[in-house]
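**Q**
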């Protein structure tokens, strides 16, 4: 019998999700899936270096992955099959430092492959051993910390409305990962206005955090050229050249965005300036998947991200809809796979734990994923007032959810931000939320008209 | 002090709610969401969920349509169930065989074809689709433009309008479709305007109007905007990125339209 291609094997071995069924590449039935997982377990990791799942000549992401592969680092596991790699990752031998040293020797496809053979507890166990620490104006990803992106979106970018949500989030201890707005209007004039507003706020209240407007990299570059205060450069990325093209980007353009942002030199304690978002299914929805399963392509997006040493990267796991991840179970598994794969590849992974109203999911599903990700050592989540994004029309995690997971697992915000929270009397001396007094200076925001 | 005030830690910035519909200043029970707020959220989610699964009230819409002179064609996509509709967008873009045969047997060759489609929110369609259709037809009836029978599709996606338009040989399709429901807007109708519709048309070739609902864009404004985009589409021979919305407030589109087609 002819040997199945790695691409086909990975797709068949992938745990069930609607996007792979839609693409027509999923296993035909449960037995077919487990048989493929057994074959994948016996596949040597070496094969991943000699058989690119998308040809080297056709795709710049394939070229990036293979050109940057660190063969010396790879030696630790070079004799393993995928199955042996899974078992080894669970041993004490594979400790934090060993995994960090190995990371440049791993390709996204290897990491995707091993994740497909892992149970939820394996994904959590191994990811919890990975510490990925980044810095700009504060330090994100330290052990026993848990950060939050404050997402104060407003359907018309009304500045007072945005500030109201920012105040709400800060008073719940959120905003240490970034204060990041998805703008309703992408014009440079509007982006500039939002950037200046956030910069004023951060400067005036001496908040040890960074701001970001989540617009296209070309718009960010234009804003920089127009003199706007840009802390971080945002971009959505995917795992194939063609899908990235549908986002209007190339690897070179990302480099330009990074260089332009670095030239601003606005970080006080670190130089990680990129913020990326990803999500399983994006390549299929752009008809740019090359017959590769959505989870492997997602890992390849992390292969793109690691080139640019981001401050933050998060999968927006349930946003894309039920044709890619049908229900809570599929969203949960995907969120943990994405977190695991990103961490193994050395990325500061966060997760937008979320769902849309046409998916079979609710707040209980989000609570489960949040609790599991907290235990897996996830770097950050989103914080949205009441979990309801009134601009993007989906549900994510709330400021209350962030307080829950920090309280449950005894996790603190980024240390610089935690100190600020205490200074502002938002946290007490034990690092717990305390009731905000009417005289709190932060509440002056309410009297300032924008 | 009321019992509630003893249990719930209040957030002293309620007055900021005047600036945003975001769920701010909710207070907390311990560090958690107060039950009252959780139930309020749950009700909104329940309504949005129900919106996805409710059927369109076809009979009510038929009786509200002021289309005595035209018959209405009832069509169905290839997606037989709601579950398949949600997981197989490809099936929602294509008519089933019966519907295809029906359209093939119809008279064809029109300037305009209006399609009403459930999409992801039947309540949106139930609430406003008939009114928008009536408004458009009223405008079209004052011009020399010809309109096809109104088509009503179940389990359809936006692109199914391309197949319908091409089978009826319509020069322009106006697709009215229920949008992905949000917590605060489970009943939002979208309108997609596509010139020279044919299967395989991509989204850059359409113009879209969103958020037509009570509390969002009004029916009369939506009708004017749609009519304007139709007029512009005819004028420049295409829809999509080439058409810019520059309509003046006082302008009533289509009324002076004299078609050369």
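Residue numbers (our numbering), protein chains in the order written: chain Y, 1 to 450; chain L, 1 to 261.
Built from N, CA and C at the ideal position, the CB exists for glycine as well.
Remember, it's a predicted structure, so these values are computed and weren't measured experimentally.
Measuring alpha carbon to alpha carbon, tell me which of 77(Y), 332(Y), 351(Y) ends up nearest residue 361(Y).
**A** Along the first chain, read from residue 1 onward, the residue named residue 361(Y) stands at position 361. Here the closest residue by C-alpha is 332(Y).
**Q** Would you kindly work out how many angstroms separate the C-alpha atoms of residue 107(L) and residue 168(L), rounded to a whole number?
**A** One-based indexing of the second chain puts residue 107(L) at position 107. One-based indexing of the second chain puts residue 168(L) at position 168. Roughly 7 angstroms separates the two Cα atoms.
**Q** Name the residues in the segment 46 to 68 of chain L whose C-beta lies less than 8 angstroms from a C-beta of chain A; which are they?
**A** In the structure shown, chain A cannot be found, because the protein chains are Y and L.
**Q** Does any residue of chain Y have a CB that is nearer than 8 angstroms to the CB of residue 39(L)?
**A** To locate residue 39(L), count along the second chain from 1; it is residue 39. No, residue 39(L) does not count as interfacial toward chain Y.
**Q** By a C-beta neighbour count over all protein chains shown, 10 Å radius and 16 as the cutoff for buried, is residue 38(Y) buried or exposed?
**A** Looking up residue 38(Y) in the first chain gives position 38. Per the 10 Å Cβ criterion, exposed.
**Q** At what residue ranges does the segment 89 to 176 of chain Y contain a whole run of the alpha helix (DSSP H), taking only runs of 4 or more?
**A** Correct list: 96 to 102, 108 to 116, 120 to 127, 159 to 170.
**Q** What are the start and end residues of each continuous beta strand (DSSP E) run of 3 or more residues lying completely inside the segment 178 to 234 of chain Y, in chain order?
**A** The segment 178 to 234 of chain Y contains these whole beta strand (DSSP E) runs: 178 to 181, 211 to 213.
**Q** So residue 356(Y) contacts chain L; which residues on that side make the cut at Cβ distance below 7 angstroms?
**A** In the first chain, the residue the question calls residue 356(Y) occupies position 356. Those are 180, listed as they occur along chain L.
**Q** As a quick exercise: from 207(L), 139(L), 80(L), pick the residue whose alpha carbon is nearest that of residue 191(L).
**A** Your numbering for residue 191(L) matches position 191 in the second chain. Checked all of 207(L), 139(L), 80(L); the closest Cα to residue 191(L) is 207(L).
**Q** Going by other Cβ atoms of all chains shown within 10 Å of its Cβ, with 16 needed for buried, is residue 5(L) buried or exposed?
**A** Position 5 of the second chain, counted from the start, is the residue given in the question as residue 5(L). So residue 5(L) counts as exposed.
**Q** Taking all protein chains shown into account, do 16 or more other C-beta atoms lie within 10 angstroms of the C-beta of residue 252(L), making it buried, or fewer, making it exposed?
**A** If you number the second chain from 1, residue 252(L) lands on position 252. Classification for residue 252(L): exposed.
**Q** Does the CB of residue 31(L) have a neighbour CB from chain Y at under 8 angstroms?
**A** Position 31 of the second chain, counted from the first residue, corresponds to residue 31(L). Taking Cβ atoms only, chain Y reaches closer than 8 angstroms to residue 31(L), which makes this a yes.
**Q** In this structure, how does DSSP classify residue 328(Y) when only helix, strand and coil are distinguished?
**A** One-based indexing of the first chain puts residue 328(Y) at position 328. Here residue 328(Y) sits in helix by DSSP.
**Q** In three-state DSSP terms, what is residue 360(Y)?
**A** Position 360 of the first chain, counting from 1, holds the residue named residue 360(Y). If DSSP states are grouped into helix, strand and coil, residue 360(Y) belongs with the strands.
**Q** If you reduce the DSSP assignment to three classes, tell me which class residue 191(L) lands in.
**A** Translated into the one-based positions of the second chain, residue 191(L) becomes position 191. DSSP places residue 191(L) in strand when its eight states are reduced to three.
**Q** Using a 10 Å radius around the Cβ and a threshold of 16 neighbouring Cβ atoms, would you call residue 56(Y) buried or exposed?
**A** Along the first chain, read from residue 1 onward, the residue named residue 56(Y) stands at position 56. Looking at its Cβ environment, which holds fewer than 16 other Cβ atoms inside 10 Å, residue 56(Y) is exposed.
**Q** Taking its Cβ as the centre, do 16 or more other Cβ atoms sit within 10 Å of residue 226(Y), making it buried, or is it exposed?
**A** Residue numbering aside, residue 226(Y) sits at position 226 when the first chain is read from its first letter. Exposed.
**Q** What does the Cβ neighbour count give for residue 244(Y), buried or exposed, with the cut at 16 atoms within 10 Å?
**A** For this step, residue 244(Y) is matched to residue 244 along the first chain. So residue 244(Y) counts as buried.
**Q** Am I right that residue 284(Y) and residue 261(Y) are in contact with their C-beta atoms under 8 angstroms? What's the rounded C-beta distance?
**A** As a position in the first chain, residue 284(Y) is number 284, starting the count at 1. As a position in the first chain, residue 261(Y) is number 261, starting the count at 1. Actually they do not touch by this definition, with Cβ atoms about 30 angstroms apart.
**Q** For residue 36(Y), which of 395(Y), 8(Y), 351(Y) has the nearest alpha-carbon?
**A** Translated into positions along the first chain, residue 36(Y) becomes position 36. The residue with the shortest Cα to Cα distance from residue 36(Y) is 8(Y).
**Q** List the DSSP bridge partners of residue 441(Y).
**A** By 1-based counting over the first chain, the position of residue 441(Y) is 441. In the DSSP output, where bridge partners are listed per residue, residue 441(Y) has none listed.
**Q** Distance check for residue 37(L) and residue 116(L), CA to CA, integer angstroms please.
**A** In the second chain, the residue the question calls residue 116(L) occupies position 116. In the second chain, the residue the question calls residue 37(L) occupies position 37. Between residue 116(L) and residue 37(L), the C-alpha separation is close to 36 angstroms.
**Q** Would a C-beta distance cut-off of 8 angstroms place residue 421(Y) and residue 16(L) closer than the cut-off?
**A** Numbered from its first residue, the first chain carries residue 421(Y) at position 421. Numbered from its first residue, the second chain carries residue 16(L) at position 16. Contact flag unset, no.
**Q** Under 8 angstroms between beta-carbons, which chain Y residues line up against residue 19(L)? List them in chain order, please.
**A** Counting from 1 along the second chain, the entry for residue 19(L) is found at position 19. 158, 160, 161, 163, 164, listed in chain order.
**Q** Taking the alpha-carbon of residue 23(Y) as reference, which of 323(Y), 330(Y), 384(Y), 357(Y) has the nearest alpha-carbon?
**A** Taking the first chain and counting its residues from 1, one reaches residue 23(Y) at position 23. Among 323(Y), 330(Y), 384(Y), 357(Y), the Cα nearest to that of residue 23(Y) belongs to 323(Y).
**Q** For residue 445(Y), which residues from the same chain have a beta carbon less than 7 angstroms from its beta carbon, with the 5 sequence-adjacent residues on both sides left out?
**A** Within the first chain, residue 445(Y) is the residue found at index 445, counting from 1. Once the five neighbours on either side are set aside, the close Cβ partners of residue 445(Y) are 163, 167.
**Q** Identify the continuous beta strand (DSSP E) that holds residue 154(L) and give its terminal residues.
**A** To locate residue 154(L), count along the second chain from 1; it is residue 154. Residue 154(L) -> beta strand (DSSP E) spans 150 to 154.
**Q** For residue 20(L), which residues from the same chain have a beta carbon less than 7 angstroms from its beta carbon, with the 5 sequence-adjacent residues on both sides left out?
**A** In the second chain, residue 20(L) corresponds to position 20, counting from 1. So no residue of the chain qualifies.
**Q** Could you tell me the distance, in whole angstroms, from the CA atom of residue 213(L) to the CA atom of residue 115(Y)?
**A** Position 213 of the second chain holds residue 213(L). Position 115 of the first chain holds residue 115(Y). Their Cα atoms are separated by approximately 45 angstroms.
**Q** Need the endpoints of the beta strand (DSSP E) that residue 171(L) sits in, please.
**A** Taking the first residue of the second chain as position 1, residue 171(L) is located at position 171. First-last of the beta strand (DSSP E) with residue 171(L): 170 to 178.
**Q** So the candidates are 33(Y), 441(Y), 374(Y); which of them puts its Cα closest to the Cα of residue 123(Y)?
**A** For the purposes of this step, residue 123(Y) is taken as the residue at position 123 of the first chain. Answer by Cα proximity: 374(Y).
**Q** Taking the alpha-carbon positions, what's the residue 139(L) to residue 250(L) distance?
**A** One-based indexing of the second chain puts residue 139(L) at position 139. One-based indexing of the second chain puts residue 250(L) at position 250. Whole-angstrom Cα-Cα distance: 15 angstroms.
**Q** Give a yes or no on whether 8 angstroms exceeds the smallest Cβ distance from residue 88(L) to chain Y.
**A** Here residue 88(L) refers to the residue found at position 88 when the second chain is read from its first residue. It does; some Cβ of chain Y falls within 8 angstroms.
**Q** Decide yes or no for the touch test of the segment 293 to 301 of chain Y against the segment 100 to 112 of chain Y: beta carbon pairs closer than 8 angstroms, at least 3 of them.
**A** With the cut-off at 8 angstroms, the segment 293 to 301 of chain Y and the segment 100 to 112 of chain Y touch.
**Q** Between the C-alpha atoms of residue 169(Y) and residue 23(L), what's the straight-line distance to the nearest angstrom?
**A** Reading the first chain from its first residue, position 169 is the one you call residue 169(Y). Reading the second chain from its first residue, position 23 is the one you call residue 23(L). The straight-line gap from Cα to Cα measures roughly 11 angstroms.
**Q** Once you ignore the five residues that flank residue 209(Y) on each side, which residues in its own chain have a CB closer than 7 angstroms to its CB?
**A** Here the question's residue 209(Y) lines up with position 209 in the first chain. Excluding residues within five positions, the ones whose Cβ falls inside 7 angstroms are 137, 138, 175, 176, 178, 179, 202, 417.
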